[in-house]
Every structure is written in structure tokens, then in C-alpha cells.
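Notes for the one structure printed next.
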Amino acid sequence: MRTGLVHDYTWRDGVFYTEIMLPDGTSAERNALWNAAESAEKRKDGRTGREWIIALPAELDEDARQELASAFGIELATRYGVAVDLAIHLPNREGDNRNHHAFVMTTTRQVSRDATGLLVMGEKSTIELSDTKRRSVGLGSAADEVVAIRQLWERMANRALENAGSDARIDSRSLKAQGLDREATMHLGPVASDMERRGKASDRGDGNRQVAVNNAMLEQI
Numbered sequence: 268m269r270t271g272l273v274h275d276y277t278w279r280d281g282v283f284y285t286e287i288m289l290p291d292g293t294s295a296e297r298n299a300l301w302n303a304a305e306s307a308e309k310r311k312d313g314r315t316g317r318e319w320i321i322a323l324p325a326e327l328d329e330d331a332r333q334e335l336a337s338a339f340g341i342e343l344a345t346r347y348g349v350a351v352d353l354a355i356h357l358p359n360r361e362g363d364n365r366n367h368h369a370f371v372m373t374t375t376r377q378v379s380r381d382a383t384g385l386l387v388m389g390e391k392s393t394i395e396l397s398d399t400k401r402r403s404v405g406l407g408s409a410a411d412e413v414v415a416i417r418q419l420w421e422r423m424a425n426r427a428l429e430n431a432g433s434d435a436r437i438d439s440r441s442l443k444a445q446g447l448d449r450e451a452t453m454h455l456g457p458v459a460s461d462m463e464r465r466g467k468a469s470d471r472g473d474g475n476r477q478v479a480v481n482n483a484m485l486e487q488i
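Right, here's the structure in full:
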């Protein structure tokens with residue numbers, strides 16, 4: 268599992284399933300959601316979304332993988348009060364056919380609806396707060412929060428594998444903790460960095476996201 272900037276992956280080849288999830292259990296139109304998120308940020312470099320890349324167990328069938336990814340998205344939406352933009356991708360035809368994965372993009376702000384049903388972006392979710400602010404409200408560090416989410420994913424994925432009758436299990440620990448080598452990412456450079464900050468995909472950024480998917484797969488071996 269990896270985190271990063273927000274991007275729209277729904278137009279790309281190999282997208283199997285997409286879904287928008289809100290904390291109240293409803294859905295929303297993708298463009299309306301991210302336009303609202305963009306409008307809520309006053310700073311030029313304000314982040315609108317956080318990205319989680321999850322490797323979906325190849326031992327599960329398509330329905331079970333979709334159910335698992337959706338359940339994880341709903342858990343994030345309700346836990347942090349944010350909107351979740353889920354895109355499940357099929358393995359690359361020229362790559363590992365076990366490489367089922369999903370991009371789970373969450374808004375950095377809490378989301379609700381006003382009396383007319385329009386989306387309202389509220390305060391930053393707790394996971395976006397600095398450690399100083401988190402401590403002031405009795406929370407642990409953001410790093411600890413990420414570990415907790417990784418452990419949540421491990422429990423959910425392993426439960427799904429068990430229910431499917433599979434002996435396979437995933438390990439949410441970092442590659443370093445597992446004694447595995449992480450595939451290195453590429454330095455973006457100023458042009459690609461600027462594109463990525465504006466939510467525009469770049470060739471180098473795409474390459475780094477594929478590395479993230481590969482590393483996420485390693486963590487589940």
C-alpha cells in the first residue's frame with residue numbers, strides 16, 4: 268500500500284470497476300466531487316486528495332476483489348468522514364497476470380451535503396493534520412495512523428482470503444520490516460513535479476506509480 272497525490276485513473280485502459288463513496292453511504296459524480304475539492308483549497312499548492320494503492324489478492328475472484336476494495340473504501344470514508352474515489356485495475360497484459368490492484372483516492376477534507384444536496388467540503392480530515400495538531404486533540408502520529416490503516420487492510424484482505432477458502436495471506440508490514448528489497452522510484456525533475464502537483468499525470472510519475480504497485484505486490488507475497 269502506498270500514498271501520494273490524487274489523479275484520475277478512470278480513463279485508462281484496464282479499468283475494471285469504479286465507484287465514488289461518501290461517508291453518508293451515498294455516491295456522487297466524479298467531476299463534481301473533485302471540482303468541489305479543488306475549490307475548497309485556497310493555497311496554490313493545497314492538496315485535494317490522498318492516494319492509496321492496494322494490491323488485490325489474485326487468489327480471489329473478480330466479485331470478491333471488488334467487494335473487498337469497496338469495503339476498504341467505505342471503511343476509509345466512514346472512519347475519516349471523507350469521500351473515496353475507487354478505481355480497480357486489471358493486470359497489465361504484458362506484465363504479471365496476478366497484478367490486480369486498485370487506486371483508492373480520498374479527499375483531504377471531510378465531506379458532507381447541505382440542505383439542497385450539494386457537496387460541502389469541511390475541515391481537513393485527522394489523517395491530514397500535522398503531528399503537533401494531532402497531539403493537541405489526543406491522537407498519535409500520522410505515521411502511526413498509516414500503520415493502523417495498513418493493518419486494517421491486512422485484516423480485511425486476510426478475512427476475504429479465508430472466506431474464499433484460500434491459505435494465502437498478506438503481510439501489511441513494510442518491505443524493510445519483511446527484509447525485502449524495494450524497487451526504487453525515479454527522480455521526477457521540475458517539469459514532471461509541476462505536472463504531478465497540478466494533478467496531471469507524467470511519464471515519470473506513471474512509472475513511479477507502477478513501481479508503487481509492484482512494491483505493494485511484494486508486500487503481500
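Throughout the sequence shown, residue numbering follows the numbering used here, covering 268 to 488 in sequence. Just so it is clear, CB atoms sit at the ideal spot from N, CA and C, and this is done for glycine as well. Note that this is a predicted model, so its numbers are computed, not measured.
- Message: Check for me: the beta strand (DSSP E) holding L386 runs from which residue to which?
- Response: Within the sequence shown, numbered from 1, the residue matching residue 386 stands at position 119. Run containing L386: L386 to K391, per the beta strand (DSSP E) assignment.
Shorter than 8 Å from the beta carbon of E305 to some beta carbon of chain D?
-> Looking for chain D here will not work: only one protein chain is present.
| message | Can you find the residues in the same chain that come closer than 8 Å, C-beta to C-beta, to G407, ignoring five residues on each side of it along the sequence? | response | Taking the first residue of the sequence shown as 1, we reach residue 407 at position 140. The answer, listed in chain order, is R401.
Looking at T374: is its Cβ nearer than 8 Å to the Cβ of A354? The residue labelled residue 374 in the question sits at position 107 within the sequence shown. The residue labelled residue 354 in the question sits at position 87 within the sequence shown. No. Outside cutoff.
Kindly indicate which three-state DSSP category M484 falls into: helix, strand or coil?
-> Translated into the one-based positions of the sequence shown, residue 484 becomes position 217. Reliability of the predicted coordinates at M484 is poor, the pLDDT of 41 falling under 50, and no value is obtained from them.
request  = Could you give the DSSP three-state label for A331: helix, strand or coil?
outcome  = Locating residue 331 in the sequence shown gives position 64, counting from the first residue. Here A331 sits in helix by DSSP.
message: Going residue by residue through the segment 340-368, where are the continuous alpha helix (DSSP H) segments of at least 4 residues, counting only ones entirely within it?
response: none
* Just reading off the beta strand (DSSP E) that I320 is part of, what are its end residues? -> Here residue 320 corresponds to residue number 53 of the sequence shown, with the count starting at 1. Taken as a continuous stretch (DSSP letters only), the beta strand (DSSP E) holding I320 covers G316 to A322.
Taking a contact to mean a Cβ-Cβ separation below 8 Å, would you say L289 touches A431 in this structure? Within the sequence shown, residue 289 is the residue found at index 22, counting from 1. Within the sequence shown, residue 431 is the residue found at index 164, counting from 1. No. Outside cutoff.
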